[in-house]
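Numbering follows our numbering, with no gaps: position 165 of the sequence shown is 172. Ideal Cβ placement from N, Cα and C applies to all residues, glycine included.
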Amino acid sequence: MTGWYPKRTMGSLLDDAAVRFGDREALVDGDRVWTFAQWRAEADKVAKGLMALGVEPGERVAVWMTNRPEWLFLMFAIAKVGACVVPLNTRYRTDDVAYTLAQSRSSMLISVDQSGPVDYRAMLADAMPDLENGSDGALQLSGFPELRRIVFAGDALLPNTSSWDSMIEAGSTVSDVDLQARADAVDPDDMLLIAYTSGTTGHPKGVMQSHVVIRNTHERAQLLGMTFDDVHLHYLPMFHLYGYSELTMIAVLTGAKQILMEAFDADAALDVAERDGVTILHGFEAHWLDLLTAQEKQPRKLKLRFGTLPSGVETTVPIADKVQDVFGPTISGYGLTEGWAFITCSNFGHTREQRVYTSGYPMNDYEFRIIDPETGQDQTAGIPGEILIRGYAVMKGYWDKPEATAEAIDAEGWLHSGDMGLIRPDGHLVFQGRYKDMLKVGGKNVSPAEMEAYLRDMPEVQDAAIVSYPDPRLTEVPVAFVLPSGNGAIDPDVLIERCKGRVASFKIPRHVIELEAFPMTPSGKIRKIELRAMALDMLGDPAR
């Protein structure tokens, strides 16, 4: 393949790393260590197992797994056999995972059986009451007609499901020649992954991305001077684009070591960083706020070169500013699933003010416009509006949602982000929030419409409206205003309890407030700006 940046496939990245960095340490998980050559060997075993179990090119393979080495083996194995990975949020619960599995039409699911108190196996059994239907491990599920295989990384299984070890054993019958033939047939323009991101329609939308995103990630690694001497601490969720791109992909592209943590804990993270010479930390404002608190209580001697911290939002700036003095420089950026991770990025040539108060400078071959959302007219520098993006890694569209795709990407190829921001005279973007009715809880998108629909299904609730409420750690959390239906009294604790175990915890309202009527616009829309003000008045302003 020719071109100024040759097209590459995700599966080939690990092959290249094994050749370039072979015996260098690549993955550390507790006492277990893999070199790049060993990582590639493990990924190839998994790829052969996928082939043996019948995974075909173009099929979707869903992964519902906490941070563990198997996730990273799968990430490259699925791509190598030409399939498409569907990363599932580990905070999904029964209804969430059922929807995404069905909507993605995944042919295979690979999941942990349990992680701490969370029983993933039980949730799947709840979502799939007809699991006993099928033969020879091939499922026949009424709600998931294309889901043929479920594999558990763990000891506990369900009827007609398989273990991780049995998948690896099945792959021993697949030859190196057959695997290489599958890898050689992968088209870089085909789908690499479908990443689900909550939207205002009430259900998550699956963002389709091809292997072209490798270019964006590779250029950023070069921009920031990352090398095989770097050590990344990986506590960001592997299913999230931030961890997927800025940690694992970058580590493989540069030959850096990554040390795995199953979940984020600030004290444990800093202890590991001090002990193992971590040079780069990553995180949203909630991560850095916890890291600042932990470092203040117990200072560690660190070898950090820098950190990544998406900034620019007013609530993030004070945290980002303090991080510079405690941990050293951070790199800011702006990204979204529909356009990839950091489509703007600051660098070490930028001033501290630019790295703290802005969301970075546009990456190569991404175009940005700021428009008045009412008129569609371009705004001048320094005037806020809706952020529009056009570039090579803008999504292929939303999976099986052509209307939503047409609404998001116009005829000229501009992605209408629904985000508010401005471009300063120095060319830096400042992300200021969301025009779309969206919450961001600790860096995770939450669709108010989805939870509003969930609450409306409860017999006591006639209508519901979700708004944001400021939170010093998570930036904002959901608060629900509800109207009574007359079928029983509204008990806020009962409504909140019903959500637990059924939907992801970050989506669940922290407070439920009963009203007799919503404030409405003349056109019949709920005035959520008034509800947000009411929440501050009734619950108090945490900033005061």
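Could you give the DSSP three-state label for T207: helix, strand or coil? Because T207 carries a pLDDT of 39, less than 50, the predicted location of this residue cannot be relied on, and the following value inherits that uncertainty. Residue state, collapsed to three classes: coil.
Using C-beta distances below 6 angstroms, list every residue in its chain close to D237, excluding the 5 sequence neighbours before and after it, in chain order. A263, T286 and I287
Could you tell me which of W406, E77 and G342 sits nearest to R397, measuring between CA atoms? In terms of Cα proximity to R397, the closest of W406, E77 and G342 is G342.
Classify T9: buried if its beta carbon has 16 or more other beta carbons within 10 angstroms, exposed otherwise. Bear in mind that a pLDDT of 47 at T9, under 50, signals an unreliable position, so the model cannot answer this.
Tell me which same chain residues have a C-beta within less than 6 angstroms of the C-beta of I350, skipping the five on either side of it? G342, M370 and Y373
Count the CB pairs spanning the segment 215-228 and the segment 164-172 that are closer than 8 angstroms, and state whether there are at least three. Remark: fewer than three beta-carbon pairs, one from each stretch, lie closer than 8 angstroms, so the segment 215-228 and the segment 164-172 are not flagged as touching.
By DSSP's criteria, P491 is part of a beta bridge. Which residues make up the other side? According to DSSP, P491 bridges with V468.
Limits of the unbroken alpha helix (DSSP H) element including Y554: No answer is possible for residue 554: it lies beyond the span of the chain, which begins at 8 and ends at 551.
Taking a contact to mean a Cβ-Cβ separation below 8 angstroms, would you say Y405 touches D426 in this structure? Not closer than 8 angstroms, so no.
DSSP state of T482, grouped into three classes? Look at T482 here: in three-state DSSP terms it is strand.
Based on DSSP bridge pairs, tell me the residues matched to M115. Bridge pairing for M115: V68 and R156 [DSSP].
Determine the direct distance from the alpha carbon of D133 to that of Y249, and round the result to whole angstroms. 30 angstroms
Would you report the Cα separation of S424 and D498, rounded to the nearest angstrom? 37 angstroms
Figure out for me which residue from R362, G508 and F334 has the closest Cα to the Cα of G340. The option with the nearest alpha carbon to G340 is R362.
Strictly by DSSP, which residues pair up with Y368? C352
Below 8 angstroms on the Cβ atoms is my contact criterion, and I expect L186 with P166 to pass it. Report the Cβ-Cβ distance as a whole number of Å. That belief does not hold up - the Cβ atoms of L186 and P166 are roughly 30 angstroms apart, past 8 angstroms.
Who are D162's beta bridge partners in DSSP? In the DSSP output, where bridge partners are listed per residue, D162 has none listed.
Separation of A275 from E303, as counted between CA atoms: 14 angstroms
Taking L164 as the reference, which of I117, S454 and D548 has the closest Cα? I117
Tell me which residues share the same chain as P306 and place their Cβ nearer than 6 angstroms to its Cβ, disregarding the 5 neighbours each side in the sequence. Counting only residues of its own chain and dropping the five nearest sequence neighbours on each side, P306 has no CB closer than 6 angstroms to any other CB.
Under the three-state reduction of DSSP, which class applies to D385: helix, strand or coil? strand
Pick helix, strand or coil for I416, following the three-state DSSP scheme. strand
Short of 7 angstroms in beta carbon distance, which residues of its chain neighbour L108, apart from the five on each side in sequence? Order them along the chain. A69, L116, F151 and L154
What is the DSSP secondary structure of V125, counted as helix, strand or coil? strand
Segments assigned alpha helix (DSSP H), at least 4 residues, entirely inside the segment 216-270: 220-230 and 257-261
Endpoints, the beta strand (DSSP E) within which H518 is located: H518 to E521
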